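Chemist: The sequence shown lines up with residues 36 to 536 when you count with the numbering used here.
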Amino acid sequence: MPIRFINSKTGQKEAFETIEPGVVRIYNCGPTVYNYNHIGNFRAYMFADLLRRYLKLRGFRVEQATNITDVDDKIIKNSIEKKLSIQQFTATYIRAFLEDLDFLEIEPVEYRPRATEYIESMITMIRELEARGHTYTMDGSVYFSLKTFPGYGGLNHIEPEKLRQAADGRFEADEYEKEDVRDFALWKKPGAGGEHSWDSPWGPGRPGWHIECSAMIRSIFGEQGVDIHAGGIDLLFPHHENELAQSCCAYPEDHFVRFWLHNEHLLVAGKKMSKSAGNFYTLRDLREEDRARELVEKKAAPGFLLELIQSGKLARSLRYLYSSFHYRTKLNFTFDNLKAANASCERIEAFLLELKEHFGLTLDPVFQNDVSARQFSPVVLKKDWADFLDSLDDDLGTPRALAIVFECLGRLSRELHQGQLSLEAAREFTIFMGFFQELTGVLKAPEQKQALSQTVEKLIAEREAARRARDFARSDAIRDELQAMGIALIDTPQGTTWKNL
Ligand code: AMP
Ligand code: ZN
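1. Going by the beta-carbon positions, is the gap between Ile110 and Phe124 smaller than 8 angstroms?
2. Which of helix, strand or coil does DSSP assign to Gln47?
3. Any chance the region 288-297 sits against the region 66-73, with 3 or more Cβ pairs inside 8 angstroms?
4. Would you say Gly469 touches the ligand AMP, meaning its beta carbon is less than 7 angstroms from a heavy atom?
5. What are the boundary residues of the alpha helix (DSSP H) that includes Lys223?
6. Less than 8 angstroms between the C-beta atoms of Ala500 and Gly266, yes or no?
7. For the candidate residues Arg505, Gly313, Ala438, Ile115, whose alpha-carbon lies nearest to that of Ser232?
8. Please determine if the region 155-164 and the region 243-262 are in contact, where contact requires at least 3 C-beta pairs separated by less than 8 angstroms.
9. Suppose only complete runs of 3+ residues qualify. What are the beta strand (DSSP E) ranges in the region 93-175, listed by chain order?
10. Let's see if you can read the secondary structure: which residues bound the beta strand (DSSP E) around Val303?
11. Would you give the residue range spanned by the beta strand (DSSP E) that Gly267 belongs to?
12. Can you check which of these residues, Cys64, Gly75, Cys443, is closest to Ala304 by C-alpha distance?
13. My output table needs one value for Trp533: the three-state DSSP class, helix, strand or coil.
14. Quick check on the burial criterion: 16 or more other C-beta atoms within 10 angstroms. Buried or exposed for Thr465?
15. Provide the residue span of the beta strand (DSSP E) that contains His274, from first to last.
16. Count the CB pairs spanning the region 325-337 and the region 381-394 that are closer than 8 angstroms, and state whether there are at least three.
17. Got a sec: is the Cβ-Cβ distance from Ala378 to anything in chain C below 8 angstroms?
18. Going by beta carbon distance, what residues of the same chain come within less than 7 angstroms of Gly168, once the five residues before and after it are set aside?
19. Using a Cβ-Cβ cut-off of 8 angstroms (strictly less than) and excluding sequence neighbours within five positions of Asp269, which residues of its own chain qualify?
20. Please tell me whether, using a cut-off of 7 angstroms, the distance from the CB of Met251 to the nearest non-hydrogen atom of the ligand AMP is below it.
21. Could you give the residue range of the alpha helix (DSSP H) that holds Asp419?
22. Have a look at the DSSP bridge pairing and note the partners of Gly240.
23. Could you tell me how far apart the beta carbons of Thr532 and Ile522 are, in whole angstroms, since I believe they sit closer than 8 angstroms?
24. Note down, in chain order, each residue of its chain lying with its Cβ closer than 8 angstroms to the Cβ of Phe95, except the 5 sequence neighbours on either side.
25. Considering only their Cβ atoms, is the gap separating Ser426 from Ile439 smaller than 8 angstroms?
26. Can you list, in chain order, the residues of its chain with a C-beta nearer than 7 angstroms to that of Val401? Leave out the 5 residues immediately preceding and following it.
27. Between the C-alpha atoms of Ala378 and Ala496, what's the straight-line distance to the nearest angstrom?
28. Closest to Thr151 by CA distance: which of Val106, Val177, Gly175 is it?
29. Less than 6 angstroms between C-beta atoms, sequence neighbours within five positions excluded: which residues of the same chain meet that for Gly432?
Here's what the structure looks like:
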């Protein structure tokens, strides 16, 4: 079966092909840098990272651009309030964003364009639109006229009636509601606050948000456009609809975008994140020990968060958590889910160590594959590997791919404990996990065994204490927790020991 993705444009699962065989070009919308990014934003970047790693695993050369929107209404407003230039104001958040990406081990992309570096291309594009009769100027600003483009609404399947009703409206702001199907600004005259502006044929001003992405795609990738345009579901309308309209109208010969992929949102404990609800987490809130400690003290997070930070396992737990939900379903973030994510990773690590101990296998292939995924043709684990790849080929089905890994692990683990596991199967599993690691980046190198046994020993001591205090509910809960980590407890008259399940 070929690689297939659900294309937001058609709502259909389509066979994936790139314009140039063996090369995939991707553009995903990056942050607007007026604030620190929250863990919902990182779902979007993690999705793009998984997509990239998967396509590389599948043998593609990836050329990816993720922009930084460093000029928009909020940036201008906040920089004026803080009496800073746009550059000074955004520098803090750009640096923080890049540090956060590094922390999450999101792979560097080939292009990281900043909107303010592409103003010339945006002006060129607006001029093209003007020359083809798609714009009008009013009071120093330039607007895209929806009625000049009959294909408008094609990405979001907007009813023609709604378009007709909307035909005479205009919209100034960068942010607007789903219902606001109106002409949008391509070039905006400066506000009254003496804000920074750029010269243009229409007078001083600055570009609208939507034109930024269209122009950057054109500048970086040229007429061939991109094979995949990705972003969060909230960008589907109006941002991506408007990008599409601008690009099709300015350059009718362009390919622009072939596959539109959108990730669903992240929720916290089933609710939309908001500051007022007290469930709003930037990545820094979780990863910086001082901030995390504050959350723990306020009982907004469990103490376990600090353990994850201290053992260097927070990033991988988040990565696993993001990967364990399909990108097109809502992701429910809870600290329990985070804990379970870490336990799943530890379970794989513990089993790999067991294989190492039993068979003297080197774990190098796990952390440094020396064969390509296409050359790997397991004999014993043939079906597991084929199912794993097929799940991913099917619209990046990471939850099913993870389930296949654990089914395989469980089976091999039983065989090992029954003395029936072959060296060949063990070796194939470590190579399999090497590719799994390339895709997910969640496994820790074997030196970390120390940390695992420390966690386990600590939990065993806690269980012992609970039993002495006759708190059997707690002691059972600890046993279950260890079981979820793939650890079985063995109570002996000399005390409790443990083994991997
Ligand atoms: P923004 O900085 O608001 O433009 O958002 C940056 C990226 O994060 C975009 O791709 C958004 O669609 C995405 N995004 C925003 N909020 C969430 C959320 N709660 N869950 C997942 N993605 C989100
Ligand atoms: Zn964009």
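Note that the Cβ used here is the ideal one computed from N, Cα and C, for glycine as well. Every value quoted in this text rests on a predicted model; they were computed, and no experiment measured them.
Modeler: This is what the structure holds:
1. The sequence position of residue 110 within the sequence shown is 75, counting from 1. The sequence position of residue 124 within the sequence shown is 89, counting from 1. The answer is yes: Cβ separation under 8 angstroms.
2. Here the question's residue 47 lines up with position 12 in the sequence shown. Three-state result, Gln47: strand.
3. Two segments are said to touch when three or more pairs of C-beta atoms, one from each, lie closer than 8 angstroms; by this definition the region 288-297 does not touch the region 66-73.
4. Start at 1 with the first residue of the sequence shown, and residue 469 comes out as number 434. No, the ligand AMP has no heavy atom inside 7 angstroms of this Cβ.
5. By one-based count along the sequence shown, residue 223 stands at place 188. Element bounds for Lys223: not the alpha helix (DSSP H) but the beta strand (DSSP E), 218-223.
6. Position 465 of the sequence shown, counting from 1, holds the residue named residue 500. Position 231 of the sequence shown, counting from 1, holds the residue named residue 266. Going by C-beta atoms, Ala500 is not nearer than 8 angstroms to Gly266.
7. Numbered from its first residue, the sequence shown carries residue 232 at position 197. If we check each option's Cα against that of Ser232, Ile115 comes out closest.
8. These segments touch.
9. 96-101, 170-173
10. Looking up residue 303 in the sequence shown gives position 268. Its beta strand (DSSP E) spans residues 301-303.
11. Indexing the sequence shown from 1 puts residue 267 at position 232. Run containing Gly267: 261-267, per the beta strand (DSSP E) assignment.
12. Taking the sequence shown and counting its residues from 1, the one referred to as residue 304 is at position 269. The candidate whose alpha carbon is nearest that of Ala304 is Gly75.
13. The residue given as residue 533 occupies position 498 in the sequence shown. The three-state reading of DSSP puts Trp533 in strand, counting E and B together.
14. The residue labelled residue 465 in the question sits at position 430 within the sequence shown. It is buried - the Cβ of Thr465 has at least 16 other Cβ atoms within 10 Å.
15. Counted from its first residue, the sequence shown places residue 274 at position 239. Annotation for His274: no beta strand (DSSP E) segment contains it, and DSSP assigns it neither H nor E.
16. no
17. No chain C is part of this structure, which consists of one protein chain only.
18. Reading the sequence shown from its first residue, position 133 is the one you call residue 168. Result list for Gly168: Thr183, in chain order.
19. As a working mapping, residue 269 is identified with position 234 in the sequence shown. His300.
20. Translated into positions along the sequence shown, residue 251 becomes position 216. It does not: the Cβ of Met251 is nowhere closer than 7 angstroms to a heavy atom of the ligand AMP.
21. By one-based count along the sequence shown, residue 419 stands at place 384. It spans 417-428 - the alpha helix (DSSP H) in which Asp419 sits, taken as one unbroken run.
22. The residue you call residue 240 lines up with position 205 of the sequence shown. Note: Gly240 sits in a beta bridge opposite Trp233.
23. Against the sequence shown, residue 532 aligns to sequence position 497. Against the sequence shown, residue 522 aligns to sequence position 487. About 10 angstroms; that fails the 8 angstroms criterion.
24. Here residue 95 refers to the residue found at position 60 when the sequence shown is read from its first residue. The residues are Thr53, Gly57, Val58, Val59.
25. Sequence index remark: in the sequence shown, residue 439 carries index 404 (1-based). Sequence index remark: in the sequence shown, residue 426 carries index 391 (1-based). A contact, by the Cβ cut-off of 8 angstroms.
26. As a position in the sequence shown, residue 401 is number 366, starting the count at 1. Once the five neighbours on either side are set aside, the close Cβ partners of Val401 are Leu387, Thr465, Met468, Gly469, Gln472, Leu478.
27. Within the sequence shown, the letter at position 343 stands for residue 378. Within the sequence shown, the letter at position 461 stands for residue 496. Distance from the CA atom of Ala378 to the CA atom of Ala496, rounded to whole angstroms, is 18 angstroms.
28. Within the sequence shown, residue 151 is the residue found at index 116, counting from 1. Among Val106, Val177, Gly175, the Cα nearest to that of Thr151 belongs to Val106.
29. Locating residue 432 in the sequence shown gives position 397, where the first residue counts as 1. Closer than 6 angstroms at the Cβ level, and outside the excluded window around Gly432, lie Ser426.
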